[in-house]
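Trainee: Protein chains in written order, with our numbering: chain A, 63 to 360; chain B, 70 to 393; chain C, -12 to 327. Where is the CB? At the ideal position from N, CA and C, for every residue including glycine. Note that the structure is predicted; figures quoted are calculated from it, not measured.
1) Please state the DSSP three-state secondary structure of residue 241 of chain B.
2) Name the residues in the stretch 356 to 369 of chain B whose C-beta lies less than 9 Å from a C-beta of chain A; which are they?
3) Taking all protein chains shown into account, decide if residue 104 of chain A is buried (16 or more other Cβ within 10 angstroms of its Cβ) or exposed.
4) Return the Cβ separation of residue 332 of chain A and residue 314 of chain A in integer angstroms, given the expectation that the two are a contact with Cβ distance under 8 Å.
5) DSSP on residue 288 of chain C, reduced to helix/strand/coil?
6) Residue 297 of chain C to residue 225 of chain C, Cα distance in whole Å?
7) Measure from the C-beta of residue 204 of chain A to each C-beta in chain B and report whether the shortest distance is under 9 Å.
8) Taking Cβ positions, are residue 216 of chain A and residue 225 of chain A nearer each other than 9 Å?
9) Going by DSSP, name the residue or residues bridged to residue 20 of chain C.
10) Chain B beta carbons: is any one of them nearer than 9 Å to that of residue 64 of chain A?
11) If we ignore side chains and look at the alpha-carbon of each, how far apart do residue 57 of chain C and residue 38 of chain C end up?
12) With 9 Å as the threshold, decide whether the Cβ of residue 299 of chain B is near any Cβ in chain C.
13) Here's the rule: buried if 16 or more other CB atoms are within 10 angstroms of the residue's CB, otherwise exposed. What is residue 344 of chain B?
14) Taking 9 Å as the CB-CB cut-off, is residue 337 of chain A touching chain B?
15) Does residue 14 of chain C come out as helix, strand or coil in the three-state DSSP assignment?
16) In chain C, what lies closer than 7 Å to residue 286 of chain B by C-beta?
17) Residue 293 of chain B: which of C/183, C/82, C/163, C/10 sits nearest, CA to CA?
18) Taking DSSP as the reference, what is the three-state secondary structure of residue 246 of chain C?
19) What residues of chain B sit near residue 155 of chain C, judged by a beta carbon separation below 7 Å?
20) Residues of chain C with a CB under 9 Å from the CB of residue 305 of chain B: which are they?
21) In terms of alpha-carbon separation, which member of C/93, C/304, C/210, C/284 lies closest to residue 238 of chain C?
22) Name the chain B residues that come within less than 8 Å of residue 329 of chain A, Cβ to Cβ?
23) Short of 8 Å in beta carbon distance, which residues of its chain neighbour residue 312 of chain A, apart from the five on each side in sequence? Order them along the chain.
24) How is residue 206 of chain A classed by DSSP in three states: helix, strand or coil?
25) Between residue 447 of chain B and residue 320 of chain B, what straight-line distance do the alpha-carbon atoms span, to the nearest angstrom?
26) If you follow the alpha helix (DSSP H) that residue 348 of chain B is part of, which residue opens it and which one closes it?
27) Grab me the residues of residue 193 of chain C's own chain with a C-beta within less than 7 Å of its C-beta, minus the 5 sequence neighbours each way, in chain order.
28) Verify whether the separation of the beta carbon atoms of residue 237 of chain A and residue 197 of chain A is less than 9 Å.
29) What ranges does the beta strand (DSSP E) occupy inside the stretch 36 to 86 of chain C, keeping only unbroken runs of at least 3 residues that lie completely in it?
30) Taking the continuous alpha helix (DSSP H) assigned at residue 330 of chain A, which residues delimit it?
31) Taking residue 191 of chain A as the reference, give the member of A/241, A/149, A/76 with the closest Cα.
32) Please identify, using Cβ separations under 8 Å, the residues of the stretch 307 to 321 of chain B that lie next to chain C, in order along the chain.
33) Is residue 181 of chain C helix, strand or coil when you go by DSSP?
34) Could you tell me which chain B residues have their CB closer than 8 Å to the CB of residue 348 of chain A, listed as they occur along the chain?
35) Looking at residue 11 of chain C: is its Cβ nearer than 9 Å to the Cβ of residue 265 of chain C?
36) Quick one: residues in its chain with C-beta nearer than 7 Å to the C-beta of residue 287 of chain C, no 5 flanking neighbours on either side, listed in chain order?
Here it is in structure tokens:
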């Protein structure tokens, strides 16, 4: 059974990749995401300065234009910010923070939401009604408002931020999982499996979850992008991460005050990176949705 | 129809009640406003006097009941910062936010629906691909970043439009509006467009998806088999069908536009509720936070109710079910 | 010959797929005379519905008509400009679809939809259009047609909806109505009523019908002529009675053998063994060869059409069944029934 399933799964993956490649835009977007991911993980190796290390910052280097050479003796490719931070380095480290927050929030929200959705689909009846009503209610509230309130209540910091993002996003995963799983739940073979002494866990994970997987992958891609963007928004509003641990959002926010005085680069470069990242992830998600859509082709 | 209405009304009230509880617990039970509000240098007597004044010495359930009772009479307490009744404070900011959100929705609808319909009608045309690209940009690029770009381009580089603030207002039917003067419109243009972009992307997708689905339906084929001109096929059969999901989403999204105004108002220093709530969160001005959230929930629930009713009017299948 | 209203000649429609292009309809020819009901019979995937859509020019990408002519009263529909073709559709050739739940727009009143169909071809006022719609509803036997105009589709039963669809097709008294499995989704009793109504309409108004169905029993009770399709081709055609009484093509014979109402009660129903090949995997030569009890090596070559009874009948087969052996499944045993 598993021996037969393995090659077919590989063949299926090859099919998915074949379909994915049909859109050059999506391939480029995927390449960009990978490059940014690699750059972020290698930040300490490729950035000329550690922007967290206050000792390396020199106020004499503040607000240097892109291409200037500062006190450190190296070129500030993208200029420096108001505290003399090398922007190129700050952006790489900021990417790390954004990725960490986005992926962590996305993963936790996925796990939590999928569990909630599966439980609702599995038990059915009142439990399902209660859970799904709550989820619907929450979904009718904009994510940003929930995140805003939670951050306000919980205070600043990476963990608090992730908690707020998870709370704002898990409902999307729950609804998606529930939709796919409850359609499967009503099929006869599940009823049959449930009437055997197999543990319920097995039914949940072997039959219900796999059916919810394709839409979950799509939602996960979009939600990681949305988490990154939400984090940036909160940080921009001054409710996210502090400037001692700058994410892309706080870098943009930090540069906002210089925008009107013409020192565009402090805000614009981190913003460009953020925009390219979020748009690319969304493009990847779009193509994945297109490829995994079961109704496609006819 | 009446029964349906009453049922929905009761549901709405229940939702508001539950949300008030959640908001209250969320805001009052976590975090300690005493430290924020009261000067650390204040002596013990003053501290206790203030604690008693705000009712922080009471157990939480009592605080909640007091809060609920006050809420029903429209008394949300006083802002810690502005020393004004919170409801008055928020309501004074409401017109500016509504003006901004409505303008944004109008822009998004007027542009988004025709573009989406076109993209769904000719899904393979180059123009449609461009429209879809626009829509991806619209809802994936963070609002605040687009706001910055707009300021950079139109306010700083070109100098065509002001970078922030609201223009002069006139009082129309007791509400302050700024859209009837050139000055007011020029202040509104950038923030409204900024806030519209996300919804624009969404509406394009929605209209396109609806269009594609309806165009491939049997009744469109049947209409074509009857020799209806293409204009009629789209105008009569398709538009009515896609208007149903669009009205629904439009309504629901209006609520979230009000919420997203938080970001736009901050960037463009637009003196609305959003700016107020951000400022209040920064200083933990809890009565303002609570009242704002409750107000937004009430707005949401009201909008949902209206959407349900309009939906029923548009879709005969639901209308007759409600009557039965 | 002058009473031929629709003549389909060598029609071919291809669909492009990722794996290549295939012909769903491959050289289909048949004539329809005034007031005649022609049954187009076949299994799903045989190309019968695509034939119907092709006649009206309603094929959408990735489908494309790649050959043949569709002569409506002498005028080739396939050569018309899109707008000229649109003016023909509904006015001179109309179509009715399978699922009456889906062919009427759920959010528009019956009257609105029918009036739009009237006004698509005639410049009349809305009131006049509604009056014509009401008359058409009366023609197809709908009680209190005035009230139906104000109803939404979901307020009508399936049978009523299909009558509305037929009434809509009749609005401009077209020469031909293509009906794609219009009674398949209905109860048997409703189906019987509608078939009787259609027979009456064809006889009284002179409108011809092309009745697309998978059900030979429907054809036997309704059609004057029958065309049997298999794998995109017509494998047998002729007067319905004659074809049903003594099929020439083994496939027709197999289909007939599996129709319950044409058998004695209690008799075991034989089936055509196997199933129709997917369009991409049609065998060389005769497409029916792998399922055919009479197949020989000769069948590896494309069969040519053979006509009988003074061109009244035709079959596409190397080994057509001799009339006398109609009810025998084997080609070698003859005349077991011919003695009678």
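Mentor: Reading from the atomic positions:
1) strand
2) 358, 362, 365, 366, 369
3) exposed
4) 5 Å
5) coil
6) 11 Å
7) yes
8) yes
9) C/-9
10) Note that residue 64 of chain A has pLDDT 42, beneath the 50 cutoff, so the model's placement of it is unreliable and the number below is only indicative. No, because no Cβ of chain B sits closer than 9 Å to the Cβ of residue 64 of chain A.
11) 10 Å
12) yes
13) buried
14) yes
15) strand
16) 89
17) C/82
18) coil
19) 295
20) 92, 95, 99, 100, 103
21) C/304
22) 217
23) 156, 297, 298, 302, 303, 304, 305
24) helix
25) There is no way to answer for residue 447 of chain B, as the model of chain B reaches only from 70 to 393.
26) 342 to 351
27) 21, 22
28) yes
29) 50 to 59, 80 to 83
30) 327 to 354
31) A/241
32) 309, 310, 313
33) helix
34) 205
35) no
36) 271, 272
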